[in-house]
Each structure stands twice: as C-alpha cells, then as structure tokens.
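This report concerns only the one structure given below.
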Amino acid sequence: MLDIKLIRNDPEAVKAAIARRGEPTSVIDDVVRLDARVRAIGTERDDIRAEIKQLSKQVGALHKDGRGDEAAELQTKSRALGEREKALGEEADGLAEELRSTLLNVSNMPAPDAPDGLTEADNVEVRVEGHDPESYGPHQRIPHWESAEELGILDVDRAVRMSGSMFVMYRGAGARLLRALISYGLDRNRDAFEEIRPPTVVKTETMTGTGHLPKFADDAYHLERDDLWAIPTAEVPLTSMVAGEILDEAELPLRLMAHTSCFRREAGSAGRDTRGLLRVHEFDKVELYSFCTPEQAQDMHMEILARAEGAIRDLGLAHRVLDLACGDISGAGARTYDIEVFAPGADRWLEVSSVSWCTDYQARRANVRYRPTEGKGTRFVHSLNGSGLAVPRVWAAIVETYRQPDGSIRMPDVLLPYLGGMTEITGAR
RNA sequence: GGAGACGUGGCCGAGUCCGGUUGAAGGCGCUUCCCUGCUAAGGAAGUAACGUCGCAAGGCGUUCGUGGGUUCAAAUCCCACCGUCUCCGCCA
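In the numbering used here, the protein residues as written are 299 to 727.
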C-alpha cells in the first residue's frame, strides 16, 4: 500500500500518478478525509486513556494507604471515562479499518519514467532478439500441442481425465526436459541468489499479507477443510519469509530464488488460450526475488531483468522485452518489464517473465523494514520480483523452435549438462 | 489424533500463583566515552518499534505470540486462535 503520509502531504501528486493507470482518483479524497477523522478521534481517545492511567495509579496508591472511600470515588469517575473511551475506540477502530481497506485498494504509483498508456497496446518494445519471421521452416510451424502429443512427451488427455481441463502431464523425455529447465533456471542464479524451497500451500493470513486476498480469491485454489490456499506464485511465501522483520542494511540486498508449483484457477480467462501449455492451472516456475534499499532498487531491477532475459537468450529462443505502460502494470508494481518468447508453432508471443519493481508498496503491507547503517530509525525495503523461468511456455517454445524436419526435437546446448547425454527427443523414452 | 508444558525486548532470562508508578529486574551483545604502549581486563553512560502532537527538547498513546473479555487498573485473571516443546499413537 501507499504511504499515508505522502497522501496526506501531497494528495494531488498521488492522484496524478494513479490517474496514469486509468484508475479513479476519488479514493484519494476518501483516504484523506478518513485519515483526518481517524487521527482526530485517536487523539481524543489517547487523552482519555492517559487520564484513566493516571486515575488508576492514584486508586492504587489510595488503596495502599487505606483510603478506600476516596478510591471508590475515583473509580466511579474512571469507569465513566472508560465507557467514553470504549465508544471512541470502536469508532476509531472502525474508521481505521475502513481507511486501511480503502488504502489497500489503491495501486502503487507508476514510476515517473514508466511509459504512458492504459492498455498492452501502449507497451513499449525495448528490444527484440533472434526473431526473424522468415527464418522459420515449416517443421517449426507445428504447434507443440500437436508435435509433443505425437512424440508422447505431453499427455493432456489423461491429465484432463484425472484433474480436469487445463491440467497437463509431461512424460518421458518431456518430463525430463521440464526437470532440466528447473535445474538450469536455478543453477544459473546460484552465484547470487539463495535457493528456497518454500511450502506451496499457505494460510489465509499469508495470502492476505501479500495482497493476493481478498482481491484475487476467485483466482486461487482453496483447501476448505484446513483453510489453506495453494500459492499462485512463489512470491507469496518469499514475501512472507521476512514479513514483519527488521533487517540490517548489511544483509541487503537479500536475493532469494525458489522453484515451486504455481496454481491458478484462471477464473477470468476460461476458454482463452486453452490449447496445450499456453495457460494451465498448475505450472512450475523459478522465481527471483529481492529485498533491497531504495538506492539499490534500480540496479536490482536491471539485474533481475538481465538474469531472466539471459536464461531465455542462452536457450536460443527468440524473445522481446516490453516496458509496460502504466495501465498494464499490476497493482503492486511501479515499473515492470515483460519478457515474451516467440513460439513459431503457436505463432504468437508468450509471456514468460514479468520483472517488477514494487518500490516500498509491498514492503509496507508486509511490514518489512531495514535499519540503515548510518542514521537512525527504520525504513521500508524495496521489493522486486521476476520469473526466472516459467517452465511450460519455455518448454513449448523449445519444442516448437528446436523441431527438426524429421520431427525430432534437438536440445539447446545449455541444457545438455542436465539431460545426461540426451541431445534430442525422438520419442517419449 | 491423545496427554501435558510453554510463548516476555537483538539474544538469554526474572516477573505471572497473591492484578497496582514494570515498557518491563539481571545478564549477554551492541554504541559512545574514560583508563591503557596495542589488545584484553576494568569503569561510566546509552541501547525497541510504531502512532500522534511539537520548529525542537520533549509530551501522550499502543505493543510482554494474536484477538476478544473481566476490572478503576492486565505481562499477570478468563476465553478463542496461532505457534513451540515433551510423551504416546500413526506415517511417507
């Protein structure tokens, strides 16, 4: 969430920033109004509390001296104050809650240099690499859901039978390729990132802490009996890892990475992208994540982008980098770059990574701070995240890009160390 | 799943039975200063976060796992939840 003090001091600037996303700015006025009332009532309540504390001390002293009558008098007075305090308290709490929930629905302010525009059509293409539409042979123009099924390395029908539509199953060499991609994705970042294997199922509290609830409840899987949620991304447990903590500046930047399954109901996109691996309910992903100081954030954003893009580039996949327009940046982000690979068979660009700089927006909500080495007090950290490797779509792009005229699929060189001598896929085994 | 014990500041650890200047003894750690040829030892002072008011000094409030309740007053009493530990059962 946004800094209430910033809104208080300069509501117009905040409104201007929010407007760039195409979101209504009237909520800012609501926030300012609520905030003023919360503070006014809060001050009054605090004064009464202070008075009650004073009286209570006196009561104690009087009892000790055996002056019960005088004490009883003060008690009556204090009791009356207590009722007033309670009433004020309820009002203050109610308003504070309203303020908080209003504030939670305000998205982060886009970075000043994020491109203008409200839709993905306004995204700015930063660069394209390795893409030449003329260069693809007819053998590469076969969508993976056809070629992979034919080779027996992807089995959608049976997965659907056991789990429903939009679930998939990899088999044989296909499963091995998937596993190789995960190891590859983790290993190439091992120089700087700590590998985490977090739980994939978390409490309601945890999902709420990262802002995935209540807003995206419809998009997440819920285990009702135990009131647990399947994570939509490793971002959830990674953020929660340090939620509420105060870090030392010396430990920053904290770099974390995690491979997990990610679960998404895709409630809003039923019927779209249903073929093959374009959009699935459960997928593997290697997530890169960092907490750092505001000063380190810019470089860290570039570092994560470079690492995510590097992984795609070294796999030899055609790809492009987009600088997202304000209106297309997700709620917590201030600046986001997307990486899309080109899948020649499906004949379309597939988003495989979204690298976001969330400034202190997430940290404020999760309450992650750090203690500066110089100076006193605490500051909120900045958080950044990006998919290091979203497996299914990369898998699909490899299967399509590396398909040979004879129908076999050559393996990218960088994956060979993970494939135990398998240089091509000619069948499931 | 059953039975029991427990959850206090950066850490260890008193206080909880018998509620009252206890935001919390003592210790460790850390910071600054003194002493000292250097280091160690020793001495002195300081050492939570957040909110709010204030130019500031500082005042007030909140926080002893979390949330409720009782009371003039709660770390202390009651309830619920979360978590940890021990024993038993079960089990990859």
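Ideal placement from N, C-alpha and C gives every residue a C-beta, glycine not left out. Bear in mind that the values here come from a model prediction, so they are computed numbers and not experimental data.
| Asked | Found |
| --- | --- |
| Rounded separation between N683 and H520 - CA only | 24 Å |
| Span separating the alpha-carbon of E493 from that of A471 | 26 Å |
| Minimum length 3: unbroken beta strand (DSSP E) runs contained in the segment 572–614 | 580–590 |
| Closest by C-alpha distance to T721, when choosing among Q438, A390, L360, L475 | L475 |
| V540 versus V639: straight-line alpha-carbon distance, rounded | 33 Å |
| Residue span of the beta strand (DSSP E) that contains K501, given as start and end | 499–501 |
| Pick from I529, V679, R486 that is closest to M505, judged by C-alpha positions | I529 |
| Per DSSP, cross-strand counterpart(s) of I494 | A556 |
| Alpha carbon of R570 to alpha carbon of H579, nearest angstrom | 13 Å |
| Member of P496, D485, D525 whose CA lies at the smallest distance from the CA of E503 | D525 |
| Continuous alpha helix (DSSP H) stretch holding R459: start and end | 454–461 |
| Same chain, Cβ closer than 7 Å to T724, neighbours up to 5 away in sequence not counted | S706 |
| CB of L353 within 9 Å of CB of R662, strictly | no |
| Per DSSP, the bridge partner or partners of F465 | Beta-bridge pairing links F465 to no other residue. |
| Stretch pair the segment 643–654 + the segment 456–466: three plus CB contacts closer than 8 Å | no |
| Top-ranked residue by Cα proximity to Q438, from L714, L713, A694, A726 | A694 |
| D308 versus E321: straight-line alpha-carbon distance, rounded | 18 Å |
| Alpha-carbon spacing of S324 relative to E601, whole angstroms | 37 Å |
| C-beta atoms of Y668 and A632 nearer than 9 Å | no |
| Cut-off 7 Å between Cβ atoms - residues of its own chain near N487, not counting five sequence neighbours on either side | M555, L586, R605, G686 |
| Cβ contact check for the segment 377–386 and the segment 424–437: 3 or more pairs under 8 Å | no |
| Nearest-angstrom beta carbon gap, D328 and T400 [assumed within contact, 8 Å] | 6 Å |
| S681, enclosing beta strand (DSSP E) - first and last residue | 680–688 |
| Neighbour-count burial assignment, I610, 16 or more Cβ in a 10 Å radius | buried |
| Unbroken alpha helix (DSSP H) run spanning A394, endpoints | 366–402 |
| Terminal residues of the beta strand (DSSP E) in which D489 lies | Taken as a continuous stretch (DSSP letters only), D489 belongs to no beta strand (DSSP E), as it is neither H nor E. |
| For T506, three-class secondary structure by DSSP | helix |
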